[in-house]
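To start, the structure itself, in structure tokens.
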Amino acid sequence: MERVQLALERCVVRSWRPSDAEPLARHANNRKIWINLRDAFPHPYTARDARNFIRSVVQRAPETLFAITVRDEPVGGIGFVLHSDVERVSAEIGYWLGEPFWGRGIATEALVAVTTYAIETHAITRVYAVPFAWNAASCRVLEKAGYVLEARLRHSAVKDGQLIDQMQYAFIAADRRTA
Ligand SMILES: CC(C)(COP(=O)(O)OP(=O)(O)OC[C@H]1O[C@@H](n2cnc3c(N)ncnc32)[C@H](O)[C@@H]1OP(=O)(O)O)[C@@H](O)C(=O)NCCC(=O)NCCS
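Residue numbers (our numbering): 322 to 500.
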């Protein structure tokens, strides 16, 4: 029995399944994706990486990492990390999509749905993301989904040997209710 299934217009966001490993590796194995994510996302992305990832997420509770699927093929991933202690009202969200599916509004639709899911399921007040400053597409996705730019975190990350800035965007649940 699938634990999470959000049926949207352009895609379905659902729980990962063991049978997703092959298409996951195929879509994830792309330097243009890796360059915009944390180094924990492997490159090259092998079938073994995909199997290990799926094995670890299906055991996790609560479930916070999901597949983005089109015609039931997993073509990307989206998920959030719930924070703890005094920041237990916050979560960081992240996402990626296979390159053949870019530019169709899929990431924006998935981001809107998973932001709402995170807020409603975990009673959190804030969801945020920190795309690299060079990632104009992701900044645009966040803006389209109602996130607000809060800060440019100068020299806050190193990617591919380059010291870079990150853009901090947040979605505040209270703003949604009063809007
Ligand atoms: C970022 C990413 C998720 C976007 O997915 P997507 O489904 O193509 O996004 P959408 O179609 O919903 O929206 C993309 C928007 O960015 C815009 N865009 C794309 N490339 C752009 C660029 N180089 N400069 C400015 N805007 C750009 C598009 O025009 C579109 O905006 P519009 O609807 O106003 O025209 C996808 O490109 C990806 O997986 N990239 C690699 C991984 C990554 O960056 N993940 C996010 C880490 S924070």
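Beta carbons: idealized from backbone N, C-alpha and C, even for Gly.
Predicted model, so just to flag it, every value in this text is computed and none were measured.
key: Selected residue, minimal CA-CA separation from R372, among S340, F362 and D360   = Proximity to R372 across S340, F362 and D360 peaks at S340, based on C-alpha coordinates.
inquiry  = Whole angstroms are fine: how far does the CA of D496 sit from the CA of L358?
reply    = For L358 and D496, the distance between alpha carbons rounds to 28 Å.
inquiry  = One question on the structure: do F453 and Q489 come within less than 8 Å of each other, judged by their Cβ atoms?
reply    = Result no, Cβ atoms of F453 and Q489 do not sit closer than 8 Å.
key: beta strand (DSSP E) runs wholly inside the segment 384 to 411, at least 3 long, in chain order   = Listed in chain order, the complete beta strand (DSSP E) runs (minimum 3 residues) inside the segment 384 to 411 are 386 to 391 and 394 to 403.
ask   = On the premise that V402 lies in contact with I445, defined as a C-beta separation below 8 Å, what is that separation, rounded to the nearest angstrom?
value = Cβ-Cβ separation between I445 and V402: approximately 11 Å, too far for a contact (criterion under 8 Å).
message = Let me make sure I understand the geometry here. Which of L474, F422 and E343 has the alpha-carbon closest to that of R331?
response = Among L474, F422 and E343, the Cα nearest to that of R331 is on F422.
query = Going by alpha carbons, who is nearest to A397 out of E408, W355 and H443?
reply = According to the sequence shown, residue 397 is Gly rather than Ala. Scanning E408, W355 and H443 for the CA closest to the CA of G397 turns up W355.
task = Please confirm whether any heavy atom of ligand 1 lies closer than 7 Å to the CB of W455.
result = No, the beta carbon of W455 sits no closer than 7 Å to any heavy atom of ligand 1.
query = What span of residues does the alpha helix (DSSP H) with S459 cover, start to end?
reply = Start and end: A457 to K465.
query = Would the C-beta of V469 count as close to ligand 1, meaning under 7 Å from any of its heavy atoms?
reply = For ligand 1, not one heavy atom lies less than 7 Å from the Cβ of V469.
task = Could you have a look at Y449 and say whether DSSP puts it in helix, strand or coil?
result = If DSSP states are grouped into helix, strand and coil, Y449 belongs with the strands.
task = Give every residue of the same chain whose Cβ lies closer than 7 Å to the Cβ of P363, excluding the five residues on either side of it in the sequence, and list them in chain order.
result = If we look at P363 and ignore the five residues flanking it on each side, its Cβ neighbours are D370.
request  = Mind checking which residues open and close the alpha helix (DSSP H) that includes D370?
outcome  = Counting along the chain, the unbroken alpha helix (DSSP H) around D370 starts and ends at A368 to V379.
key: Contact test: P509 Cβ vs ligand 1 heavy atom, cutoff 7 Å   = Lying outside 322 to 500, the shown extent of the chain, residue 509 is not represented and no answer is given.
query = If you follow the alpha helix (DSSP H) that I356 is part of, which residue opens it and which one closes it?
reply = For I356, there is no enclosing alpha helix (DSSP H), as DSSP gives it neither H nor E.
task = Please name the residue in A412, L484, R347 and T367 whose C-alpha comes closest to that of A450.
result = Closest option to A450, judged by alpha-carbon separation, among A412, L484, R347 and T367: A412.
request  = Please report the Cβ distance between V378 and W337, rounded to the nearest whole angstrom; I am assuming they are in contact, meaning their Cβ atoms lie under 8 Å.
outcome  = So it is a contact: roughly 5 Å between Cβ atoms.
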